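Trainee:
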Amino acid sequence: MSLDRPRRLPVLALLGLALLGVPRVILHDLDLLHEGTAVNLAFVAVPLVAWVAVVLLCRVDRPFTTLLLVGLLHGAMLVVTHQLLWSASFDGSTPRLGGNLAGLDPTLQAVILRLASVPSGLATGALLGAVTGAAAWLLSRRRRGPRPVR
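If you're matching positions, the sequence shown starts at 1 in our numbering and goes up one per residue.
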């Protein structure tokens, strides 16, 4: 094995890290987990701390990029989970459009609302990945110390 070989996480590890946040999404959508509680905080924080810890322990070469990708994967999983649990999260009374769009066919309203929810899930994942990636990058630089001057 070459010393110059880049240190990256395998695809399954990236997927596994992204999956760590899915239980919170499921429990929240099923109204079993409520914001502002210590349990919710644990379900939010533990996966993110695990992301950073794994990247640091594995000494990944590009922690920011790695965790940004994990965040994007998590965002995609967030979107899929929300779509699958859509009816359950609204107790069967799904949201409706109002104003000038209130008269649209209910099926078309459902499609519009579901599509509108996709960017927010992806953005949430990207933001989580960027924040944890920046933290991991800073911590990895501190761990390595300053680079020698050539």
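Backbone N, C-alpha and C fix where the C-beta goes; we use that ideal spot for every residue, glycine too. Source: prediction; values computed, not measured.
Run through DSSP, which three-state label would proline 63 get?
Mentor: In the structure shown, proline 63 sits in a helix (DSSP, three-state: H, G or I).
Trainee: Within 10 angstroms of the Cβ of phenylalanine 90, are there 16 or more other Cβ atoms? Answer buried if so, exposed if not.
Mentor: Classification of phenylalanine 90: exposed, given that the 10 Å Cβ count is below 16.
Trainee: Compare the Cα-Cα distances from aspartate 61 to each of Arg8, Thr94 and Val54 and report the closest residue.
Mentor: Out of Arg8, Thr94 and Val54, Arg8 has the C-alpha closest to the C-alpha of aspartate 61.
Trainee: Specify whether the stretch 69–82 and the stretch 122–129 touch according to this definition: at least 3 beta carbon pairs, one from each stretch, less than 8 Å apart.
Mentor: With a cut-off of 8 Å, the stretch 122–129 and the stretch 69–82 count as touching, because enough Cβ pairs lie within range.
Trainee: Closest to alanine 135 by C-alpha separation, out of His34, Thr37, Val54 and Ile112, would be which residue?
Mentor: Of the listed residues, the one whose Cα sits closest to alanine 135 is Val54.
Trainee: Which runs of the alpha helix (DSSP H) fall wholly inside the stretch 27–62 and span at least 4 residues, in chain order?
Mentor: Those alpha helix (DSSP H) runs which fall completely within the stretch 27–62 and span 4+ residues are 38–57.
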